[in-house]
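Structure record follows, encoded as structure tokens.
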Amino acid sequence: MKFTVNRDALAEKLQTVLSVVSTRTTLPILGNILISADSEQLELAATDLDLSVLCKIPAKVTKAGTTTIPARTFAEMVRELPDEDVAVNVTGNRMEIKTGRGVYKISGMPAEEFPKLPSVPETGENLIPGDQLKSMVQRTTYAASVDPTRPALNGILWQSNGEGMSMVATDGHRLARVRVSENRLAGHEGDVIIPPKALSLVIKILGEEETDIGVTLGEKNIMFHVGDTVVTSRLIEGPYPNYQQVIPSSNDKQLTVDAATLMAGVRRVAVLSNSLTHQVRFYLSNDKLELSAANQDIGGEAKESLPCQYKGDDLEVGYNANYILDMLKNYEDGDVTFELATSVSAGVVHSAKEDQKDDYLCLIMPLRLAE
Amino acid sequence: MTASDIHTPQYFWQQDAARHALRAALDADRLATAYLFVGPEGVGKWAAAQWTAKALLCEAPERGNRPCHECGGCKRAAKFTHPDLHLLYPVPKKDDEEHIAAFLETKRDNPFAVIEYNRKPNLAIERVRDVQTELSKTAAEGGKKVAVIGEADQMAPNVHGILLKSIEEPPPNTHFVLTTADPGRIPQTIHSRCQTIRFTAVDPELIAQRLVDEGIAAPDQAHMAAHLSDGGWGHALRLCDEESVAWRSDVETLWQKAFQPQLSDFIDQMETMFRGGQKFNETVQAFDIWSLLLWRDARAAFASSDTASASMATPSLDVAWSCWKILQQGRATLWVNVLPRSAVRGTFLALRKRMGLG
Numbered sequence: 000m001k002f003t004v005n006r007d008a009l010a011e012k013l014q015t016v017l018s019v020v021s022t023r024t025t026l027p028i029l030g031n032i033l034i035s036a037d038s039e040q041l042e043l044a045a046t047d048l049d050l051s052v053l054c055k056i057p058a059k060v061t062k063a064g065t066t067t068i069p070a071r072t073f074a075e076m077v078r079e080l081p082d083e084d085v086a087v088n089v090t091g092n093r094m095e096i097k098t099g100r101g102v103y104k105i106s107g108m109p110a111e112e113f114p115k116l117p118s119v120p121e122t123g124e125n126l127i128p129g130d131q132l133k134s135m136v137q138r139t140t141y142a143a144s145v146d147p148t149r150p151a152l153n154g155i156l157w158q159s160n161g162e163g164m165s166m167v168a169t170d171g172h173r174l175a176r177v178r179v180s181e182n183r184l185a186g187h188e189g190d191v192i193i194p195p196k197a198l199s200l201v202i203k204i205l206g207e208e209e210t211d212i213g214v215t216l217g218e219k220n221i222m223f224h225v226g227d228t229v230v231t232s233r234l235i236e237g238p239y240p241n242y243q244q245v246i247p248s249s250n251d252k253q254l255t256v257d258a259a260t261l262m263a264g265v266r267r268v269a270v271l272s273n274s275l276t277h278q279v280r281f282y283l284s285n286d287k288l289e290l291s292a293a294n295q296d297i298g299g300e301a302k303e304s305l306p307c308q309y310k311g312d313d314l315e316v317g318y319n320a321n322y323i324l325d326m327l328k329n330y331e332d333g334d335v336t337f338e339l340a341t342s343v344s345a346g347v348v349h350s351a352k353e354d355q356k357d358d359y360l361c362l363i364m365p366l367r368l369a370e
Numbered sequence: 000m001t002a003s004d005i006h007t008p009q010y011f012w013q014q015d016a017a018r019h020a021l022r023a024a025l026d027a028d029r030l031a032t033a034y035l036f037v038g039p040e041g042v043g044k045w046a047a048a049q050w051t052a053k054a055l056l057c058e059a060p061e062r063g064n065r066p067c068h069e070c071g072g073c074k075r076a077a078k079f080t081h082p083d084l085h086l087l088y089p090v091p092k093k094d095d096e097e098h099i100a101a102f103l104e105t106k107r108d109n110p111f112a113v114i115e116y117n118r119k120p121n122l123a124i125e126r127v128r129d130v131q132t133e134l135s136k137t138a139a140e141g142g143k144k145v146a147v148i149g150e151a152d153q154m155a156p157n158v159h160g161i162l163l164k165s166i167e168e169p170p171p172n173t174h175f176v177l178t179t180a181d182p183g184r185i186p187q188t189i190h191s192r193c194q195t196i197r198f199t200a201v202d203p204e205l206i207a208q209r210l211v212d213e214g215i216a217a218p219d220q221a222h223m224a225a226h227l228s229d230g231g232w233g234h235a236l237r238l239c240d241e242e243s244v245a246w247r248s249d250v251e252t253l254w255q256k257a258f259q260p261q262l263s264d265f266i267d268q269m270e271t272m273f274r275g276g277q278k279f280n281e282t283v284q285a286f287d288i289w290s291l292l293l294w295r296d297a298r299a300a301f302a303s304s305d306t307a308s309a310s311m312a313t314p315s316l317d318v319a320w321s322c323w324k325i326l327q328q329g330r331a332t333l334w335v336n337v338l339p340r341s342a343v344r345g346t347f348l349a350l351r352k353r354m355g356l357g
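What follows is the structure in structure tokens.
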């Protein structure tokens, strides 16, 4: 294999690929990147078995071939090279890098040892605007579970049907669901469960750019095209629990409050909450919301009243402050509505605007109040 | 060509029943989701598990879904580097990373190898959870996933509990292979959810013959190793390595020195042998060798009244019998935490007394 490539382009793409290079010792080959050169381009690929990243760089290829090279060493080397074209020659598994001033050599491993990467289908791709995907991911991932005993809940459910698509995450204490009315996953109906790590990586690679992301759904994996980078992830095997069943539909008490005001209030009061449970009490009476918290360990007590709209019987309910904050920061400025029933049943939270009610829905379980 | 190159392809040496059962399942495309391979150590349970994994991960299976041994899938399964092959086996807690690497290295060279530790090995719960997380995702290469769990009896009850959950409701496209030499210690709940395949001890004569044929040991060493191996080829191989041969020759020397009028040689020899380390497994083996030597000597003594060829004068069957019992008792004390050196000393003093040597 023989090629010449621009150093800056190589260094930049190496950085992207490096994000999935694992340090797992059981499979040393995973510490390497797969380099393949053919016709007019160079492909860099790395995988940690869950995720794989593939980047393409234009290059002048004089002899095609593939090999694998220790990723971190190679990246470090390229980073330090002067900014000029880099000539690379690979014989056997030995790579020789030539620049204007010097020659560097490094040994790799045969490409056959590298795990087989999922093939990239040419068709069946759906385009989703980057900012839309980003917002969907950011508004759901926080609610995904990290409990290894329930693997399906560790992922994010991506549902698609004729009318639209939605993303759902839950850990059993809270749930977040984002819905968009356009169905961007044309031709695909059904559910897939995606590891949050994959979605976060896609968002990271996307950065601030405003491009479309190509999504291809396979039976066993999902593929994202971000510019000329391809991220492929394994899916989590279902089934995902029937989350719709737990969303209450008959909560009769409605609290409407400004999201920013409530967030600021909860944040202040939570400072003096129990350091283990982070419990903040909501005391609701006619158009009045009183937040309170207590921490016996340091003898702290906090109380605050906030303006709100509330109609119904008085109600006292406790929430984990962190859950409330995680949720509220995803609402844009404006009012949010809590639909509540009792102090021990799930509350539903959504935007107070009637037309946005279904776009983003959260469900939160209260904490049992200690007397 | 090394010894391991020769026997690696023979995944089912002398295990026809197991081979037929697995082949039939593959031919009919009805491989069970969980297997329990039961049989003595070193007979090839791990090798058969590896073969099964290859069959499941093969990219170009041959007639009847059998592995081709040539494709990338098979090759990586053989090297344990296939991303969809998950291995679990107990190792000692201390320096577990090193033990894990060493285990793979050894089994890669020879899947029949018997690996012994001086500390009790166990299977850490975190490793089981990691594998479970992996199994909950779709296969890394899109095909099947295989989990091989070696010495499945050496697990804490809570680990069994976690494992049961996976075996009971296996994730799609997932197969489990458990191996054990002690099926009695596998909980009934797991047992009942696995299809059991039995591996049997191999005739020592066949093992001895193969050791000689493959140029691994000289006939007399091969014979001794085969008889001490409990019918396990892996065991026999281990008994033929340099260290084991040296130890066995020490063990034999000790036997000869034990019945001389002067005890000083015997004491010197014993001190040398037990310098540094407990040598539990080796001492158990030594007792087995002495039992063999006892009967060899006794037989020589009965065959001719000329006892000069034997190291021990054996006056009667009665004495030989009680000497054998003394050896068995000595061997048994090792399991109640008597130091190997003390067990040996005590046993030989009793033997001398029984033979009237004082």
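One line per chain: the protein sequences are A and B, in this order. Quick note: the first sequence, position 58, residue 57 per numbering that gives the first Met the number 0, numbers continuous. Quick note: the second sequence, position 205, residue 204 per numbering that gives the first Met the number 0, numbers continuous. Virtual Cβ for every residue (Gly too), placed ideally from N, Cα, C. The model shown is predicted, which means the values in this text are computed figures rather than measured ones.
Give me, in chain order, the residues of the same chain whose beta-carbon lies closer than 6 Å to that of A342(B); leave out the 5 immediate sequence neighbours on both sides. G329, T332 and L333
Based on the DSSP output, what are the partners of F281(A) in its beta bridges? L290(A) and V316(A)
Listing by chain order, which chain A residues have their CB less than 7 Å from the CB of E140(B)? P114 and K115
Is there a Cβ of chain A sitting closer than 8 Å to that of C70(B), yes or no? no
By the three-class DSSP mapping on this structure, what secondary structure does Y34(B) have? strand
Distance, V201(B) Cα to L210(B) Cα: 13 Å
Check the Cβ-Cβ distances between P147(A) and every residue of chain B, and say whether any is below 8 Å. yes
Pick out whichever of T3(A), L216(A), E111(A) and N250(A) has its Cα sitting closest to the Cα of N31(A). E111(A)
Can you tell me whether D83(B) is buried or exposed? The criterion is at least 16 other CB atoms within 10 Å of its CB, across all chains shown. buried
Name the residues in the region 200-220 of chain A whose C-beta lies less than 9 Å from a C-beta of chain B; which are they? In summary, the residues of the region 200-220 of chain A whose CB is separated from some CB of chain B by less than 9 Å are G217, E218, K219 and N220, in the order they occur in the chain.
Whole-number beta carbon distance between I288(B) and L227(B), since they are thought to touch under 8 Å: 7 Å
Own chain residues within Cβ distance below 8 Å of Q137(A), not counting five before or after: I202 and N329
If you run the structure through DSSP and keep just helix, strand and coil, what is W12(B)? coil
Determine which residues share a DSSP beta bridge with K252(A) and list them. L339(A)
Inspect the beta-carbon positions of A151(B) and K144(B) and report whether they are closer than 8 Å. no
Can you give the Cα-Cα distance for P170(B) and T3(A), rounded to whole angstroms? 46 Å
Using only alpha-carbon positions, find the residue among G161(A), D47(A), D251(A) and V145(A) that is nearest to T231(A). Nearest of G161(A), D47(A), D251(A) and V145(A) to T231(A), Cα basis: D47(A).
Minimum Cβ-Cβ distance from D49(A) to chain B less than 8 Å: D49(A) counts as touching chain B.
What does the Cβ neighbour count give for L126(A), buried or exposed, with the cut at 16 atoms within 10 Å? Exposed: under 16 other Cβ atoms inside 10 Å.
Out of N92(A), L324(A), L314(A) and A86(A), point me to the one whose CA is closest to K252(A)'s CA. Of the candidates N92(A), L324(A), L314(A) and A86(A), the one whose C-alpha sits nearest the C-alpha of K252(A) is L314(A).
G129(A) and I212(A) closer than 8 Å at C-beta: yes
With distances taken Cα to Cα, identify the nearest neighbour of N5(A) among S21(A), L33(A), L41(A) and I28(A). L41(A)
By the 7 Å beta-carbon criterion, what residues does the region 162-173 of chain B contribute toward chain A? P170 and P171
Are any of the Cβ atoms in chain B nearer than 8 Å to that of S18(A)? no
Quick one: grab the DSSP three-state call for Y309(A). strand
Suppose contacts are defined by Cβ-Cβ distances below 8 Å. Is H234(B) in contact with E40(B) by that definition? yes
What residues of chain B sit near L156(A), judged by a beta carbon separation below 7 Å? Within chain B, no residue comes near L156(A); the closest Cβ sits about 14 Å away, beyond 7 Å.
I want to know whether the region 151-160 of chain A touches the region 61-71 of chain A - three or more CB-CB distances under 8 Å. no
Less than 6 Å between C-beta atoms, sequence neighbours within five positions excluded: which residues of the same chain meet that for V145(A)? none
Under 8 Å between C-beta atoms of A437(A) and S38(A): The displayed coordinates of chain A run from 0 to 370. Any statement about residue 437(A) would go beyond what the structure contains.
Going by DSSP, what residue range makes up the alpha helix (DSSP H) through H190(B)? Q187 to H190
Could you give the residue range of the beta strand (DSSP E) that holds M164(A)? M164 to T169
Any idea if I34(A) is buried or exposed, counting beta-carbon neighbours within 10 angstroms, 16 or more meaning buried? Per the 10 Å Cβ criterion, buried.
Any alpha helix (DSSP H) of 4 or more consecutive residues that is wholly inside the region 28-85 of chain B: 44-56 and 71-77
Please go through the region 89-124 of chain A and give each complete beta strand (DSSP E) segment of 3 or more residues, from N-terminal end onward. 93-97 and 102-106
Mind checking D354(A): buried by the 16 CB within 10 Å criterion, or exposed? Flag for D354(A) reads exposed.
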